[in-house]
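Residue numbers (this note's numbering), protein chains in the order written: chain A, 1 to 115; chain B, 1001 to 1116.
Ideal placement from N, C-alpha and C gives every residue a C-beta, glycine not left out.
Remarks on the structure that follows.
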Amino acid sequence: GAVVSQHPSWVICKSGTSVKIECRSLDFQATTMFWYRQFPKQSLMLMATSNEGSKATYEQGVEKDKFLINHASLTLSTLTVTSAHPEDSSFYICSASLRADNEQFFGPGTRLTVL
Amino acid sequence: AQKVTQAQTEISVVEKEDVTLDCVYETRDTTYYLFWYKQPPSGELVFLIRRNSFDEQNEISGRYSWNFQKSTSSFNFTITASQVVDSAVYFCALSEYGDTGNQFYFGTGTSLTVIP
Chain A
1 GAVVSQHPSW VICKSGTSVK IECRSLDFQA TTMFWYRQFP KQSLMLMATS
51 NEGSKATYEQ GVEKDKFLIN HASLTLSTLT VTSAHPEDSS FYICSASLRA
101 DNEQFFGPGT RLTVL
Chain B
1001 AQKVTQAQTE ISVVEKEDVT LDCVYETRDT TYYLFWYKQP PSGELVFLIR
1051 RNSFDEQNEI SGRYSWNFQK STSSFNFTIT ASQVVDSAVY FCALSEYGDT
1101 GNQFYFGTGT SLTVIP
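Written out as structure tokens, the structure reads:
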């Protein structure tokens, strides 16, 4: 199957700082990438869908100005958590697909801890 | 409304026992996909199976088997002769094609503990 990587795999930051998480499709070009968030002992919740070269579509309740998503190329999407606070601590997982209606391939996740 | 329901939050079995994880889904689409993922403590999702809505054949892969029944909107997962390494959280998921493209809905997960 297709390979998706995320960097970093974990990050600890101080409250008020911004953190950028990268999601890369390593062996295919992903027109669509998805960002999920998973709190401890809970399911994955879709945060936003991004198509290469256009603005991301955010799910209801997800703050666009807080979670900035950039999908500048067919192999890279970034999620920036701006002015992070402890309640943003979570496991962030991205996925990528060849086309909008195609199977999603998941990255290994990034564990964010905000102190 | 929950699109994917995994009623079992936690299950514990003794090693070598069989265990079935239930999954019920809800969709109005005629074309959709169903998935099972395993999430070990490391967090990375491990893909187990993908099944499209037109293929109701049951599938067996080693100790794993899946029972897809459209009549009851269920896609249950059975592990035969469970092992300690099977301990993980298992997610059932539904994929539909929505306005913004492929939409993925995860169930709440079933935490399986296999006791040696």
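Practice task
Inspect the beta-carbon positions of Glu1140 (chain B) and Phe1068 (chain B) and report whether they are closer than 7 Å.
Solution key: Because chain B spans 1001 through 1116 in this model, residue 1140 (chain B) falls outside it and cannot be assessed.
Practice task
Would you identify the three-state DSSP class for Val3 (chain A), choosing helix, strand or coil?
Solution key: coil
Exercise for the section: Could you spell out where the beta strand (DSSP E) holding Asn70 (chain A) opens and where it closes? Expected result: 67-73
Practice task
Assign Glu1010 (chain B) to one of two classes, buried (16 or more other C-beta atoms within 10 Å of its C-beta) or exposed (fewer than that).
Solution key: exposed
Problem - Expected contact under 8 Å - CB spacing of Leu115 (chain A) and Ile12 (chain A) to nearest Å - result: 7 Å
Handout entry: Rounded C-alpha distance that separates Leu76 (chain A) from Ser25 (chain A)
Key = 7 Å
Practice task
Indicate whether Tyr1033 (chain B) and Asn1058 (chain B) have their beta-carbon atoms separated by less than 7 Å.
Solution key: no
Exercise for the section: Compare the C-beta of Leu44 (chain A) with all C-beta atoms of chain B and state if any pair is closer than 7 Å. Expected result: yes
Handout entry: 9 Å Cβ cut-off: residues of chain B touching Glu22 (chain A)
Key = Per Cβ cutoff of 9 Å: no residues; Glu22 (chain A) is ~16 Å from chain B at best.
Exercise for the section: Please compile the residues from chain B whose C-beta is within a distance smaller than 9 Å of the C-beta of Ile116 (chain A). Expected result: Nothing can be reported for residue 116 (chain A): it is not among the residues displayed for chain A, which extend from 1 to 115.
Practice task
Just the chain B side, please: which residues come within less than 9 Å of Arg37 (chain A) by C-beta, in chain order?
Solution key: Chain B residues near Arg37 (chain A): none, gap ~11 Å exceeds 9 Å.
Handout entry: Residues that DSSP places opposite Asn1076 (chain B) in a beta bridge
Key = B:Asn1067
Exercise for the section: Evaluate contact between the region 41-59 of chain A and the region 1011-1026 of chain B, counting only Cβ atoms and requiring at least three cross-stretch pairs below 8 Å. Expected result: no
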